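I have placed the structure first, in the form of structure tokens, so that the comments after it can refer back to it.
In the numbering used here, the protein residues as written are 258 to 502.
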């Protein structure tokens with residue numbers, strides 16, 4: 258989360274994916290607080306985990322970096338789209354309303370094996386679970402150590418991201434991957450990033466070494482398989498069969 262939160266300035270205010278999507282005044286403010294957030298988050302959430310100090314730092318930085326973006330009306334899962342509907346109901350995708358209605362049909366609930374005693378309607382997100390996740394500060398747990406441990410045990414890892422995703426973007430993902438401490442770090446760093454193709458057309462960029470693959474999917478957001486189903490299937494098929502893109 259450390260590298261991701263700091264990358265929101267790049268995604269909102271530079272040409273990391275598209276043209277800047279946040280107003281100049283907000284971008285200047287974000288640029289000014291960037292060093293402060295970097296220092297506070299590193300000291301309280303990374304170097305040590307002080308729950309109270311980390312909560313204070315993350316709350317401040319979330320307001321500084323996420324609120325200006327959300328205020329722009331943009332979809333947090335795709336910088337190329339505007340938010341459709343109320344975020345709490347649609348996650349900014351209007352089709353989610355239709356998905357919820359479909360899942361609430363009695364015949365579909367029966368096929369899915371939903372307990373008849375459960376009368377609540379389906380939702381695009383379990384907000385109580387999300388809130389518990391945030392309250393427990395789980396987003397600040399150092400998951401990168403687990404990734405490194407998997408790689409050291411010969412377990413291959415694929416990290417893919419839609420280039421248009423804001424909330425879990427390619428800038429922040431590249432940052433933590435480049436900083437990952439493991440025995441294949443130097444080999445991975447030496448590998449050039451190259452285009453990968455689907456039906457002879459560029460689908461994004463990728464690089465990989467020693468079991469770690471990092472792939473960016475052009476034209477896709479957070480819901481990459483929805484945005485680019487053919488490209489994502491090709492990517493997964495290559496990875497499963499251990500063929501480089």
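Using N, Cα and C, we set each Cβ at its ideal position, and we do this for glycine too. Only a predicted model underlies this, so the values are computations on that prediction, with no experimental measurement involved.
Pick from the options: whose alpha carbon is nearest that of residue i?
i	options	result
residue 267	427, 488 and 433	427
residue 464	446, 477 and 396	446
residue 458	378, 467, 474 and 470	474
residue 310	417, 429 and 294	294
residue 480	282, 449, 419 and 313	419
residue 414	501, 275, 322 and 285	501
residue 478	296, 334 and 262	334
residue 417	300, 460, 410 and 409	460
residue 472	483, 496 and 444	496
residue 275	285, 327, 338 and 412	338
residue 262	326, 282 and 281	326
Mind checking residue i: buried by the 16 CB within 10 Å criterion, or exposed?
i	result
residue 451	exposed
residue 336	buried
residue 345	exposed
residue 378	exposed
residue 430	buried
residue 264	buried
residue 421	buried
residue 372	exposed
residue 485	buried
Short of 8 Å in beta carbon distance, which residues of its chain neighbour residue i, apart from the five on each side in sequence? Order them along the chain.
i	result
residue 341	332, 347, 349, 350 and 351
residue 271	277
residue 258	302, 315, 396 and 397
Does the beta carbon of residue i fall short of 8 Å from some heavy atom of the ligand GDP?
i	result
residue 369	Ligands displayed in this structure: none; no statement on the ligand GDP is therefore possible.
Name the DSSP bridge partner or partners of residue i?
i	result
residue 414	469
Whose C-beta lies closer than 6 Å to the C-beta of residue i among residues of the same chain, with five residues either side of it excluded?
i	result
residue 299	none
residue 297	314
Which residues in the same chain as residue i place their Cβ atom closer than 7 Å to its Cβ, once the five residues preceding and following it in sequence are excluded?
i	result
residue 329	278 and 279
Segment contact, 8 Å Cβ cut-off, at least three pairs: the stretch 344-360 with the stretch 309-325: no
The stretch 432-448 contacting the stretch 475-493, beta-carbon criterion three pairs below 8 Å: No: the two stretches stay apart, fewer than three of their Cβ pairs being nearer than 8 Å.
Contact between the stretch 452-462 and the stretch 271-290 (3+ Cβ pairs under 8 Å): no
Cβ contact check for the stretch 302-313 and the stretch 381-400: 3 or more pairs under 8 Å: yes
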